[in-house]
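Numbering (the numbering used here), first residue to last: 941 to 1400.
Beta carbons: idealized from backbone N, C-alpha and C, even for Gly.
Please read these numbers as outputs of a predicted model, since none were measured by experiment.
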Amino acid sequence: MRKTKIVCTLGPATDSLEIIRAMAAAGMNVARLNLSHGDHKTHEKRVALVREVNKELEFPVGLLFDLQGPKIRVLGVTQPQDIKKGDTITFTIKEGGSGILVDYPRLCDDVKKGDTILVDDGMIQFKVTETTASTVTCCAENNGTLKDRKSVNVPGVHLHLPAITKKDREDLLFAMKLNPDYIGLSFVKSKDDVEEVRKFLGEKKVQIIAKIECVEAVNAFDAILSAVDGVMIARGDLGVEVPLEKVPILQYDIIKKCNTAGKPVITATHLLNSMIDNPRPTRAEVSDVSNAIFTGSDALMLSGETATGSYPIESVKVLNQIACETEKRVRARFHKDYKTGSVGEIVARAVALVADSVRAKAILTLTQTGLTAQSLSTYRTSTPIFSITNNSLLSQAQHLRWGIFSVLLDTKKSPTEFVDEGIDALLKRGHIKKGDVVVITAGVLDGGRRNYAEVRVVGQ
């Protein structure tokens, strides 16, 4: 069983039940709804497609709603505009004004002569030559094509942007009605941004994924990590905000910190970008994907490859193939530093070590909190981890965890009976058979036994 999870962005290229079904069969674990594009009605239809396919699946596809965040864009470009190096371009903050409209009212206050403005994820670079109360005049530093609604970045300049915009608040209320598994928080700059979203959500419970895509987030990463449920390394915007040569090192450091903290980390953007137009990836892309797995990514995310590309199903298949092959060489991390040094964490390490030593077919962890399964995941044991629970919210929260497969049982039996029911469920589903060795662990069993672990031969 592939242990690295696959996140697929839905879009016009996936708007049919047949394609969603094929993507799930190819390996999609989580479907991403990018709220930067499309209206609520469109996204609601896509959620309905996923939910329909989920009725047929053993392990349902999770849902990640990705907020647009305070992203600056160019507006009103009715026709693509060719830009030549040396051209003078004027950006304006006034609708109907002379120049290209930018949807950030404080642009003229925040930038100054000599600053760099990047458009379309850095594809076109401009140098600021003059500012007025409503315009910013720039000189183009390379050729490119300017299109409507492309992103605007100003590296090294502190922009006075809100943590969540009015649109984000509307999108959050919409998303929560559809019972999401995860909310992606874009352009996080501090722990306070995360807490503002939690405050807005109030009693509503959902896993929050912080997208790391700006310098402020890198500088405040430790504090942000402590406040969120998981992290996405959004390499597109991050590669615009920081020098490109620094992105691989930042990716490595972020993954390592997430692994140590026991929180899932998604590596995203341009994994198989050439497959938007081609049926096969480049060798460099294959190496990039493999490296992301080797260094500890819990999940990998496809964006344009599935949302708008010509080969959405093939992209998932290729990512699945690379992950399966790479995982053959992933080594368990029994030397990993303890996050807390708790008894439960030490037991999880022992369980992972025993499972590898006896070549167990499965680890069964009975859980109400998911903590044991999460600890097991960080050790990257070669044994699949089945998280047996009767808690539907916990089951939904496991979609992004490396190597964890959640089995939801509708039962109120005692913990000991729960063990037997979990084994029966895996037998019926074909994951284990009589005579296989399994390792069982639970926080609490009957009689008050705590941090329980057992090696069992199925059927004996």
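is_contact[residue i, chain B] using C-beta, thresh 8 Å
i	result
Gly1399	Among the protein chains of the structure shown there is no chain B, as only one such chain exists.
C-beta atoms of residue i and residue j nearer than 8 Å
i	j	result
Pro1095	Glu1181	yes
Val1168	Ile1152	no
Ile1040	Ala1080	no
Ile1194	Val1229	no
Pro1204	Val1258	no
Thr944	Leu1240	yes
Asn1331	Asp1350	no
Residue environment, residue i, which counts as buried when at least 16 other CB atoms sit within 10 Å
i	result
Arg1369	exposed
Gln1314	buried
Glu984	exposed
Gly1142	exposed
Gln1065	buried
Lys1117	exposed
Arg1175	buried
Lys954	Per the sequence shown, the amino acid found at residue 954 is Thr instead of Lys. Burial call: buried.
Residues bridged to residue i (per DSSP)
i	result
Ala1302	Val1378
Thr1056	Lys1067
Met1172	Lys1151 and Ile1206
Gly1002	Val970
Tyr1122	Leu1004 and Gln1147
Gln1021	Leu1086
Leu1240	Ile946 and Thr1207
Beta strand (DSSP E) segment containing residue i, residue limits
i	result
Tyr1093	Here residue 1093 turns out to be Asn, not Tyr, going by the sequence shown. Its beta strand (DSSP E) spans residues Ser1091 to Asn1093.
Ser1354	From DSSP, Ser1354 is part of no beta strand (DSSP E); its letter is neither H nor E.
Leu945	One detail in the question is off: residue 945 reads as Lys in this sequence, not Leu. From DSSP, the beta strand (DSSP E) with Lys945 extends over Lys945 to Thr949.
Val1014	Ile1012 to Leu1015
Nearest residue (CA-CA) to residue i, options the options
i	options	result
Arg933	Ser1317, Ala1174, Glu1265 and Leu1304	The requested residue 933 does not occur in the structure, where the chain is confined to residues 941 to 1400.
Gly1236	Pro1252, Thr1207, Arg1220 and Arg1223	Thr1207
Tyr1430	Val1291, Ile1262 and Gly1362	Not covered by the structure: residue 1430. The range shown for the chain is 941 to 1400.
Gly1084	Gln1021, Leu975 and Pro1120	Gln1021
Leu1178	Lys1196, Ile1286, Asn1159 and Gly1170	Asn1159
Asp1049	Lys1025, Glu1070, Phe1140 and Gly1036	Glu1070
Gln1008	Thr1032, Asp1108, Val993 and Val1395	Asp1108
Asp1088	Asp1060, Arg1046, Thr954 and Val1359	Asp1060
Phe970	Leu1293, Lys981, Leu1004 and Ala1224	Checking the sequence, you will find Val at residue 970 rather than Phe. Minimum Cα distance to Val970 is reached at Leu1004.
Arg1283	Thr1312, Lys1301 and Ile1303	Correcting the residue type first, residue 1283 is Val in the shown sequence and not Arg. Answer by Cα proximity: Thr1312.
Val1270	Thr1321, Ile1286 and Gln1261	Thr1321
Ile1303	Asn994, Val1378, Asp1364 and Val1294	Val1378
Val1128	Ser956, Leu1293 and Asp1162	Asp1162
Ile1164	Ser1255, Ser1126, Leu1306 and Ile960	Ser1126
Ile1286	Ala966, Leu1086, Arg942 and Gly1383	Gly1383
Ile1104	Arg1013, Val1137 and Ala1073	Val1137
Ala962	Leu997, His980, His977 and Lys1024	Leu997
Segment limits, alpha helix (DSSP H) that includes residue i
i	result
Thr1200	Val1187 to Ala1201
Val976	According to the sequence displayed, residue 976 carries Ser and not Val. Note, Ser976: premise wrong, no alpha helix (DSSP H); not H, not E.
Ala1224	Arg1223 to Phe1234
Val1134	Lys1131 to Leu1141
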